[in-house]
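Numbering (the numbering used here), first residue to last: 1 to 215.
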């Protein structure tokens with residue numbers, strides 16, 4: 001039994017090495033040009049070993065996305081508990097989530113860059129619901145968090161509920177992430193080299209709060 005445990009641990013550790021290496025490569029170079037052979041070389045493994053852990057490149061990409069968003073959710077939950085967000089108003093909780101997304105821009109631009117390319121890559125692949133199930137199970141945790149916020153807003157009236165839950169969620173989560181990704185990758189056009197992106201991001205946050213929160 002101990003031998004099998006050690007073998008399983010070794011497999012898990014090697015899979016994690018592949019995922020972390022692939023994540024770095026995907027974030028820096030985009031997903032499409034990075035081959036499984038490139039991943040293998042950067043892991044100091046044979047390409048056959050990579051395919052043993054992940055049957056296809058698509059499976060590896062989904063595994064990377066699942067792991068990275070699971071880690072981010074863990075960080076989100078840690079902040080949620082530390083700041084006692086459960087006892088905040090719905091408006092304060094909405095600001096909390098927006099701030100956590102802004103933290104991605106400040107502290108984890110690799111995840112933003114990867115996420116943009118992940119959406120493009122998956123959109124170009126013939127992907128089934130079963131293949132996306134591990135990833136979607138993590139995203140569902142974010143959806144559930146926002147659902148609880150919206151229920152809170154129905155009671156305390158600090159966030160508008162005349163706008164649907166889905167509309168607010170998609171605008172805050174996806175539109176905000178899209179904007180942050182563009183700032184992070186530097187693809188927002190600017191002739192001004194001294195342009196203050198963080199100031200503009202804070203203005204974007206203020207616009208969301210002004211529109212969705214009740215005074």
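Glycine is no exception: its CB is placed at the ideal position from the N, C-alpha and C atoms.
If the five residues before and after residue 158 are omitted, its C-beta is found closer than 7 Å to the C-beta atoms of 89, 90, 91, 213 and 214, all from its own chain and listed in chain order. Sequence-distant Cβ neighbours of residue 62 in its own chain, meaning closer than 6 Å and more than five residues away, are 135.
8 Å or more divides the Cβ of residue 204 from the Cβ of residue 105. Distance from the CA of residue 41 to the CA of residue 49, rounded to the nearest whole angstrom, comes to 11 Å. When DSSP states are grouped into helix, strand and coil, residue 34 belongs to the coil group. Around the beta carbon of residue 143, a 10 Å sphere encloses fewer than 16 other beta carbons of the protein chains shown; the residue is thus reported as exposed. Taking C-alpha positions only, residue 176 is separated from residue 101 by approximately 8 Å. Linking residue 65 to residue 52 through their CA atoms gives a straight-line distance of about 19 Å. It is roughly 13 Å from the alpha-carbon of residue 170 to the alpha-carbon of residue 140.
Under the DSSP assignment, residue 122 falls in the alpha helix (DSSP H) whose first and last residues are 109-124. Counting only residues of its own chain and dropping the five nearest sequence neighbours on each side, residue 96 has a CB closer than 6 Å to the CB of 85.
Classified as exposed, residue 167 has fewer than 16 neighbouring CB atoms from the shown chains inside 10 Å of its CB.
If you ignore the 5 residues before and after residue 161, its C-beta comes within less than 6 Å of the C-beta of 153 and 154, all in its own chain and listed in chain order. Residue 19 has its alpha-carbon roughly 21 Å from the corresponding atom of residue 129. Partner residues in the beta bridge of residue 213, as assigned by DSSP, are 159. By a beta-carbon distance limit of 8 Å, residue 127 contacts residue 58. Their separation comes to about 7 Å. When the beta-carbon positions are compared, residue 184 and residue 113 come within less than 8 Å of each other. With contacts defined by Cβ atoms closer than 8 Å, residue 73 and residue 138 form a contacting pair. In the DSSP assignment, residue 83 falls outside any alpha helix (DSSP H), carrying neither H nor E. With respect to the 8 Å criterion, residue 27 and residue 103 are not classified as neighbours on the basis of their beta carbons. In the assembly as shown, residue 93 is a buried residue. Its beta-carbon has 16 or more other beta-carbons within 10 Å.
DSSP, read as helix, strand or coil, puts residue 54 in coil.
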